[in-house]
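Structure record follows, encoded as structure tokens.
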DNA sequence: CCTCCACAGGAAGCGCAGGAGT
DNA sequence: ACTCCTGCGCTTCCTGTGGAGG
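Residue numbers (the numbering used here): 1305 to 1709.
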């Protein structure tokens, strides 16, 4: 059993792990100068006591949206001004009430406790804004998660009509462009007063970003040039997501540390990719309902044994596809042995659709050679790995699985 | 050609939990 | 604190689809 002092004395190639975390806001944002300037421009009015413009920011995950906004907020707060900003993530504050309450209690201590009516919160907020002639900027990250978004936007925008001094402006951030169509036209036109799109990073930019971070995050010379290139290339081709790239490097560093090495090379990045991928699959599977996990297990299990399709010699390219029907049979069987009540065949099909969308399985329509109209299924990842992960997430049911064998 | 098979997926409705309204 | 309402997960029922088999 090691002591803390031993652990602290262990050699590490990290200088500062925080720099590699997704929450870190760097002082310089490479390739986002233009976007940062535009955000500053839109919000600058508030510093002069005028109402700032509303802003809608769109871009895929890991393209620096949140980072850029937080960066601007940081600068904004350093200025002498009665203007205020609030940042909230709508994954947590996902309704009009929760958002309004969070905004209010940020500035008005007496509303700290919950249980106030929405109208009281609203009035207090107006009183506070008008009293101090305050310009408030509300940043709503992952804004598409708000259930009654139309209501919320309408309320926030209308507030300005009731105010003589002070005002509210909204900065919405989303990674889904399609949600804009869900808004009614009035909310849409006020929220999207100004729009800004963040493009994914290409491999070159990704490399520069990683380079900037690893100079602060790792000790000098800890990362091979080719390992850096590889990490940048993987992240750029898979998603353009800088967070993913950073995660790769972080994991690769941990792998090297664990092995007592001193340099990250290509093999560590490859290993990190597999490891991170495994983590992400696990995260997804964990959120799945029990029955859906059993469906996934059934697919994995059956694909190892081989389905009827391959036994009938129906496939030319050797792909081991499964028939929808036989997977349902297998699923039913597993449910039985686990003493879990099975879902109807109709709902099972919905489960399949969702699993496909999540990339956990792939399906194709049956063509010639197959009787009837069905779907051919195969796992999206190695069956062994999927079974293991499902197994782990099932926890207590492990005993049941053993009996089944 | 028609019929049957083996499914896909839409429509309606049901029971339940949690939030809104009073 | 009480009911009322609504969204969600799910079942039941049903119509559609495209090739196989007669």
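Each residue gets a CB set at the ideal place from its N, CA and C atoms; glycine is no exception.
Bear in mind that the values here come from a model prediction, so they are computed numbers and not experimental data.
Using the Cβ count rule (16 or more neighbours within 10 Å means buried), how would you classify residue i?
i, result
"residue 1445", "buried"
"residue 1691", "buried"
"residue 1510", "buried"
"residue 1431", "exposed"
"residue 1711", "Any answer about residue 1711 is impossible in this case: the structure gives the chain only from 1305 up to 1709."
"residue 1329", "exposed"
"residue 1360", "buried"
"residue 1626", "buried"
"residue 1315", "exposed"
"residue 1339", "buried"
"residue 1395", "exposed"
"residue 1563", "exposed"
"residue 1667", "buried"
"residue 1544", "buried"
"residue 1645", "exposed"
"residue 1332", "exposed"
"residue 1389", "buried"
"residue 1424", "exposed"
"residue 1253", "With the chain covering 1305 to 1709 only, the question about residue 1253 has no answer from this structure."
According to DSSP, which residues form a beta bridge with residue i?
i, result
"residue 1682", "1666"
"residue 1393", "1445"
"residue 1498", "1359"
"residue 1522", "1318"
"residue 1710", "For residue 1710 there is no data in the structure shown, the boundaries of the chain being 1305 and 1709."
"residue 1626", "1681"
"residue 1568", "1527"
"residue 1259", "Residue 1259 lies beyond the range of the chain shown here (1305 to 1709); nothing can be said about it."
"residue 1478", "1362"
"residue 1409", "According to DSSP, residue 1409 bridges with nothing at all."
Within its chain, find whatever has a CB closer than 6 angstroms to the CB of residue i; leave out the 5 residues flanking it on each side and keep chain order.
i, result
"residue 1512", "1334"
"residue 1497", "1357 and 1358"
"residue 1483", "1448"
"residue 1369", "1361, 1363, 1477 and 1502"
"residue 1670", "1678 and 1680"
"residue 1379", "none"
"residue 1504", "1364, 1367 and 1544"
Do residue i and residue j have their C-beta atoms closer together than 8 angstroms?
i, j, result
"residue 1477", "residue 1447", "yes"
"residue 1381", "residue 1443", "no"
"residue 1576", "residue 1606", "no"
"residue 1473", "residue 1441", "yes"
"residue 1320", "residue 1521", "yes"
"residue 1311", "residue 1561", "no"
"residue 1676", "residue 1663", "no"
"residue 1285", "residue 1549", "Lying before the first or after the last residue shown, residue 1285 is absent from the chain, which here runs from 1305 to 1709."
"residue 1589", "residue 1694", "yes"
"residue 1595", "residue 1647", "yes"
"residue 1469", "residue 1526", "no"
"residue 1567", "residue 1528", "yes"
"residue 1597", "residue 1365", "no"
"residue 1346", "residue 1398", "no"
"residue 1353", "residue 1437", "yes"
"residue 1351", "residue 1305", "no"
"residue 1554", "residue 1600", "no"
"residue 1500", "residue 1342", "yes"
Please report the distance separating the alpha-carbon of residue i from that of residue j.
i, j, result
"residue 1682", "residue 1653", "14 angstroms"
"residue 1634", "residue 1579", "29 angstroms"
"residue 1372", "residue 1532", "24 angstroms"
"residue 1629", "residue 1461", "53 angstroms"
"residue 1391", "residue 1375", "12 angstroms"
"residue 1481", "residue 1367", "14 angstroms"
"residue 1420", "residue 1410", "15 angstroms"
"residue 1408", "residue 1415", "7 angstroms"
"residue 1709", "residue 1535", "Unreliable placement is indicated for residue 1709, whose pLDDT of 38 sits below 50; the coordinate value is still reported in the next sentence. In a straight line, the C-alpha of residue 1709 is about 41 angstroms away from that of residue 1535."
"residue 1631", "residue 1637", "10 angstroms"
"residue 1518", "residue 1574", "18 angstroms"
"residue 1386", "residue 1457", "23 angstroms"
"residue 1583", "residue 1656", "22 angstroms"
"residue 1569", "residue 1309", "29 angstroms"
"residue 1542", "residue 1585", "15 angstroms"
"residue 1524", "residue 1508", "21 angstroms"
"residue 1337", "residue 1530", "28 angstroms"
"residue 1479", "residue 1593", "25 angstroms"
"residue 1616", "residue 1608", "At residue 1616 the pLDDT is 49, less than 50, meaning the model places this residue with poor confidence and gives no usable figure here."
"residue 1325", "residue 1674", "50 angstroms"
"residue 1515", "residue 1488", "43 angstroms"
Beta carbon of residue i: closer than 7 angstroms to some heavy atom of the ligand SAH?
i, result
"residue 1345", "This structure does not include the ligand SAH; it has no bound ligands of any sort."
Spatial neighbours of residue i within its chain, please: C-beta separation below 8 angstroms, excluding the five flanking residues on both sides.
i, result
"residue 1749", "Residue 1749 cannot be examined here, being either before or after the span of the chain that is shown, 1305 to 1709."
Using a Cβ-Cβ cut-off of 7 angstroms (strictly less than) and excluding sequence neighbours within five positions of residue i, which residues of its own chain qualify?
i, result
"residue 1422", "1401 and 1404"
"residue 1428", "1408, 1412 and 1415"
"residue 1603", "1626, 1631, 1665, 1681 and 1683"
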